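*Asks:* One structure coming up, written as structure tokens, with questions to follow.
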Amino acid sequence: MANSCESTPLAPLTTPWGSLVAYQRKDGSLLLEWAVRGSERNPTWTRASGAEAERVLRAAASAIDGDERAAKRIETPLGTPFQMAVWNACRSIPNGQTRTYGWIAKKLGRPTALCRAIGQAMKRNPLPMIVPCHRVVAADGLGGYAGATDGALLRVKCGLLELESCSKVKHTPRKPSRLKSDP
5 MANSCESTPL APLTTPWGSL VAYQRKDGSL LLEWAVRGSE RNPTWTRASG AEAERVLRAA
65 ASAIDGDERA AKRIETPLGT PFQMAVWNAC RSIPNGQTRT YGWIAKKLGR PTALCRAIGQ
125 AMKRNPLPMI VPCHRVVAAD GLGGYAGATD GALLRVKCGL LELESCSKVK HTPRKPSRLK
185 SDP
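Here you go:
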């Protein structure tokens with residue numbers, strides 16, 4: 005049996021906005037990262053391989069294509085208790101809808117003064133599309149995405165919201181996502 009060092013890394017998920025790449029941290033946990041211009045990968049991460057990483061990446065592909073059933077079967081990633089509560093609240097936002105950082109604060113029974121902390125938890129979301137943090141917006145507009153307030157990562161958020169019909173933002177027309185290894 006080959007170990008993960010000998011396994012072939014998974015091909016990225018290609019989308020109209022960039023590639024979603026599966027990585028593995030030193031502690032073995034998985035994360036999905038948008039590989040777009042201006043984003044930087046942590047050099048300690050390695051490209052993920054194996055059945056669990058493939059299951060997570062395929063669930064993300066299905067979610068992008070509008071079918072969230074597989075994503076719902078993936079457990080909420082591990083984080084601090086606060087992060088996990090935020091991510092679980094985010095997972096309750098239906099496809100095609102958005103909620104504000106203040107809505108999440110109220111759902112958690114916390115004062116809206118925690119909106120910045122909620123944004124930081126979203127920034128640290130290791131599984132975008134599994135935890136659909138793109139559906140969380142600022143009270144006065146789009147807000148940020150993956151720690152960015154402009155540039156390619158924010159265009160990913162706009163594209164995902166447009167795809168889900170949450171936004172009138174003009175962006176690339178819908179094209180089905182594909183894993184490069186798909187026929």
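Just so we're aligned, residue 5 is where the sequence shown starts under this note's numbering, counting upward by one. Ideal Cβ placement from N, Cα and C applies to all residues, glycine included. Keep in mind the model is a prediction, meaning the values are calculated, not measured.
Identify, in the order they occur along the chain, each residue of the same chain with its Cβ nearer than 6 Å to the Cβ of residue 83, setting aside the five sequence neighbours on each side.
*Replies:* Translated into the one-based positions of the sequence shown, residue 83 becomes position 79. Cβ within range, chain order: n/a, list empty.
*Asks:* So residue 39 packs on residue 13, CB below 8 Å; how close in whole Å?
*Replies:* Numbered from 1 along the sequence shown, position 35 holds the residue referred to as residue 39. Numbered from 1 along the sequence shown, position 9 holds the residue referred to as residue 13. Between residue 13 and residue 39 the Cβ distance is about 13 Å, and since that is not below 8 Å, they are no contact.
*Asks:* Considering only residues of the region 63 to 104, which uninterrupted alpha helix (DSSP H) runs meet the minimum length of 4 residues and lie entirely inside it, listed in chain order?
*Replies:* For the region 63 to 104, whole alpha helix (DSSP H) runs of length 4 or above, ordered along the chain, are 73 to 76 and 85 to 95.
*Asks:* Can you tell me where the alpha helix (DSSP H) holding residue 121 begins and where it ends?
*Replies:* Residue numbering aside, residue 121 sits at position 117 when the sequence shown is read from its first letter. Counting along the chain, the alpha helix (DSSP H) containing residue 121 begins and ends at 119 to 127.
*Asks:* So what does DSSP say about residue 38, is it helix, strand or coil?
*Replies:* Taking the first residue of the sequence shown as 1, we reach residue 38 at position 34. Correct three-state label for residue 38: strand.
*Asks:* Please state whether the Cβ-Cβ distance between residue 115 and residue 109 is less than 8 Å.
*Replies:* Within the sequence shown, numbered from 1, the residue matching residue 115 stands at position 111. Within the sequence shown, numbered from 1, the residue matching residue 109 stands at position 105. Yes, the Cβ-Cβ distance between residue 115 and residue 109 is below 8 Å.
*Asks:* On the criterion of 16 or more Cβ atoms from any shown chain inside 10 Å, does residue 22 qualify as buried, or is it exposed?
*Replies:* Taking the sequence shown and counting its residues from 1, the one referred to as residue 22 is at position 18. Classification of residue 22: buried, given that the 10 Å Cβ count is 16 or more.
*Asks:* Comparing alpha-carbon positions, which option in 137, 143, 152 and 161 lies nearest residue 94?
*Replies:* Position 90 of the sequence shown holds residue 94. When only C-alpha atoms are compared, the closest one is 137.
*Asks:* In whole angstroms, what separates the C-alpha of residue 70 from that of residue 105?
*Replies:* By 1-based counting over the sequence shown, the position of residue 70 is 66. By 1-based counting over the sequence shown, the position of residue 105 is 101. Each residue's alpha carbon lies about 23 Å from the other.
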